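To keep things clear, I will list the structure first and then write my remarks on it.
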Amino acid sequence: MAGTLLTYEISDLCLGKPPLRPLPSDATVADALSFLRRRDSDDVFVSVWSVSDDSPHCVGRISVVDVLCFLCKEENLNHPSVALHSPISVLLNKDSPNAVKQLDPNSSILEAVDCILEGAQSLIVPRRNRSSGISKQKLHQKASFGRQFCCITQEDVIRFFFNSINLFSPIPFNAIQSLDIIEKKILSVHCDDPALSALSAINTSVGGQSAVAVVDEEGRLLGDISLYMLASCDETLAPAVATLSAGDLITYIDYGGPTEDLTQLVKSRLEEKKLGGMLELLEDDHSNSSCLSSSGSSSSEDEAVHGKIHRHRSNSGRFARGTEPIVCHPSSSLVAVMIQALSHRLNYIWVVEDDYSLVGMITFTAILKVFRDHVSSFS
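Here is the structure:
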């Protein structure tokens with residue numbers, strides 16, 4: 029029975045996951061970029077920790093979207109290099125105090141699902157201690173560096189359900205339209221709208237781990253801008269965000285390299301607006317792209333030199349695709365949508381008609397609610 033799956037402990041999902049590398053709460057925005065660049069997993073966030081006398085506590089998480097939104101604030105446009113030295117607290121979203129939830133390793137999968145449905149975006153789970161001979165002081169030292177914790181994501185939980193999908197039959201084989209789980213209230217921008225407005229919408233969508241649709245005059249889906257698409261970018265994308273349209277930004281990012289025409293367009297607009305600081309940010313080591321292909325490997329060229337932040341790369345399959353949106357149709361089965369999302373490492377899939385008219389979106393949260401409701405029906 030499907031209900032028995034939820035009696036598994038959340039620690040079972042920690043197997044094989046790397047320990048979190050914490051960023052201390054007294055770090056700077058530049059430190060956050062360095063952490064994001066050197067991440068040893070495909071997580072698009074870095075966790076921020078405060079270490080008290082009792083135990084370390086995760087106070088939030090940040091992504092490159094938070095950095096870009098901060099740099100593109102009006103007060104930072106002319107002095108982005110100065111803004112990079114701001115305390116990391118300026119990036120923490122104080123409006124979402126429950127975005128990170130810490131669970132006991134013995135917590136059930138059911139508790140984890142309930143936390144996600146209540147708004148938790150990441151679940152922090154202490155790793156089981158197998159080193160009983162280590163002193164309490166050393167254990168605290170390990171915890172303060174985050175080696176005692178791992179992060180469980182929505183994707184981890186969805187993959188857990190997918191591995192036993194037949195236990196939920198026939199629901200996974202029904203059309204998503206019949207399950208009434210297509211989210212119609214989505215964030216979208218017109219392709220000619222400023223990219224800055226799309227970035228602000230993306231910052232809003234991060235809470236739902238979704239994306240912002242870029243549409244044409246007829247409401248057809250042209251592309252999307254998501255946290256996952258921006259995750260392999262760095263602060264040198266800020267000048268493009270501050271000057272380009274949403275449609276041009278997609279082209280600028282697509283597959284890791286802006287065209288020379290778009291680069292010149294960004295430069296000329298920065299000069300028109302007298303944004304010398306942003307222009308310096310763009311021209312700093314411009315021989316490398318601000319959004320690199322995931323096929324590249326890390327090298328010394330990607331490290332910080334002379335105190336400046338340079339571009340980073342990722343070998344993760346999560347960042348391998350370009351900006352072409354991943355779509356399904358209202359008649360697609362739930363299991364087919366899950367396969368798409370898991371294979372592309374996304375938390376959402378766009379739902380479109382045959383002519384690409386945008387219908388809505390399917391999210392992992394909506395899928396988890398289907399499974400949760402199914403289990404509840406047996407209680």
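For the sequence shown, the working numbering gives the first residue as 29, with consecutive numbering after it.
C-beta: ideal position from N, C-alpha, C; glycine also.
For clarity, every value in this text was computed on a predicted model and none was experimentally measured.
Item	Value
Note down, in chain order, each residue of its chain lying with its Cβ closer than 7 Å to the Cβ of Q247, except the 5 sequence neighbours on either side.	At residue 247 the sequence reads Gly, which differs from the Gln that was named. So the qualifying residues of the chain are S385, L386.
Curious, which full-length beta strand (DSSP E) runs of at least 3 residues does the stretch 234-275 contain?	239-243, 249-254
Ordered along the chain, which non-local residues of its own chain (more than five positions away) have a Cβ less than 8 Å from that of L290?	A268, L272, D276, T279, Y280
In the DSSP assignment, find the unbroken beta strand (DSSP E) run with F190 in it and report its ends.	Taken as a continuous stretch (DSSP letters only), F190 belongs to no beta strand (DSSP E), being part of the alpha helix (DSSP H) at 182-190.
Can you have a look at P115 and say buried or exposed, based on whether 16 or more other CB atoms are within 10 angstroms of its CB?	exposed
Quick one: grab the DSSP three-state call for L51.	strand
When DSSP labels each residue in this structure, what does A223 get in the three-state scheme?	helix
DSSP three-state label for C143, please.	helix
So, do the stretch 136-148 and the stretch 94-106 have three or more beta carbon pairs nearer to each other than 8 Å?	no
Leaving out five residues on either side along the sequence, give the residues of the same chain with a beta carbon under 7 Å from the beta carbon of L207.	L362, V398
Tell me K129's beta-bridge partners as DSSP assigns them.	L151
Give the range of the alpha helix (DSSP H) segment to which P108 is assigned.	108-111
Any chance the stretch 140-150 sits against the stretch 251-263, with 3 or more Cβ pairs inside 8 Å?	no
Report, in whole angstroms, the separation of the C-beta atoms of F392 and E211, which I expect to be a contact under 8 Å.	Not confirmed; about 11 Å, so no contact.
Quick one: what's got a C-beta closer than 7 Å to R187's C-beta in the same chain, skipping five residues either side?	L370
Exposed or buried, what is T32 when buried is set at 16 or more other beta-carbons lying within 10 Å of its beta-carbon?	exposed
For V380, tell me which candidate among C356, E288, M366, L119 has the shortest Cα-Cα distance.	C356
Beta-carbon within less than 6 Å of F63's beta-carbon, same chain only, minus the 5 sequence neighbours each way: which residues are those?	L51, V74
Please confirm if T56 has its CB atom under 8 Å from at least one CB of chain D.	Within the model displayed, chain D is absent; a lone protein chain is all it includes.
To the nearest angstrom, how far is it from the Cα of P84 to the Cα of V128?	14 Å
Please report the straight-line C-alpha distance between Q205 and H218, rounded to a whole angstrom.	26 Å
If you pair each beta-carbon of the stretch 189-198 with each one of the stretch 220-227, do three or more pairs fall below 8 Å?	no
Could you tell me the boundaries of the alpha helix (DSSP H) in which H372 lies?	362-372
Determine the direct distance from the alpha carbon of D382 to that of V87, and round the result to whole angstroms.	44 Å
Does the distance from the C-beta atom of A111 to that of L99 stay below 8 Å?	yes
Could you say which of S360, R373, C178, M389 lies nearest to F201 if we only look at CA atoms?	S360
Measuring CA to CA, which of S78, E102, C42 is closest to M306?	E102
Given that a residue counts as buried once 16 or more other Cβ atoms are within 10 Å of its Cβ, and exposed if not, what is L43?	exposed
Do the CB positions of M389 and I199 come within less than 8 Å of each other?	no
Drop a sphere of 10 angstroms on the beta-carbon of S197, count the other beta-carbons inside from all chains shown, and report buried for 16 or more, exposed for fewer.	exposed
Should D262 go down as buried or exposed, given a rule of 16 or more other Cβ atoms within 10 Å for buried?	buried
What residue does the alpha helix (DSSP H) around R66 start on, and which one ends it?	First-last for R66: undefined, no H or E at that position.
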